[in-house]
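Colleague: End of the sequence shown = 76 in this note's numbering, gap-free, step of one.
Positions of the beta carbon are idealized from the N, C-alpha and C atoms, including for glycine.
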Amino acid sequence: MATKKPETGSFETQLEALEMIVQGLETGDLTLEESLSQFEKGVVLTKECQSILNTAEQKVSMLTNGSLAEANLNDE
């Protein structure tokens, strides 16, 4: 059975969709087939979110010339 890839959206949109899936699964009101379908969509969304995060991390690393500087948060 081929799975339909969710529409590409922003990280926030995909994370919100993932949260909705988790809430739906946690209720226990879905049939086994519905649960499996939602789980499958969740896995795809998780991979998409991870890819977006990896890309963002690479951009940050590139912008900081590969060396992430530690910030002193106690400066007051």
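1) Taking T64 as part of the alpha helix (DSSP H), name the residues at either end of that continuous run.
2) Three or more C-beta pairs under 8 angstroms: does that hold for the region 16-31 against the region 50-63?
3) Between which two residues does the alpha helix (DSSP H) harbouring T13 extend?
4) Taking 8 angstroms as the threshold, find out whether the region 37-48 comes into contact with the region 7-25 through three or more Cβ pairs.
5) Take V22 and list the residues in its own chain whose beta-carbon comes closer than 8 angstroms to its own, dropping the five residues that flank it on each side.
Modeller: So, from the data block:
1) Residue mapping note: residue 64 aligns to position 64 of the sequence shown, counting from 1. In the DSSP annotation of this structure, T64 is not part of any alpha helix (DSSP H), being labelled neither H nor E.
2) No: the two stretches stay apart, fewer than three of their Cβ pairs being nearer than 8 angstroms.
3) As a first step, residue 13 must be located in the sequence shown, where it is residue number 13. Run containing T13: F11 to T27, per the alpha helix (DSSP H) assignment.
4) Judged by Cβ distances under 8 angstroms, the region 37-48 makes contact with the region 7-25, as three or more pairs qualify.
5) In the sequence shown, counting from the first residue as 1, residue 22 sits at position 22. Taken in chain order, the residues that qualify are G42.
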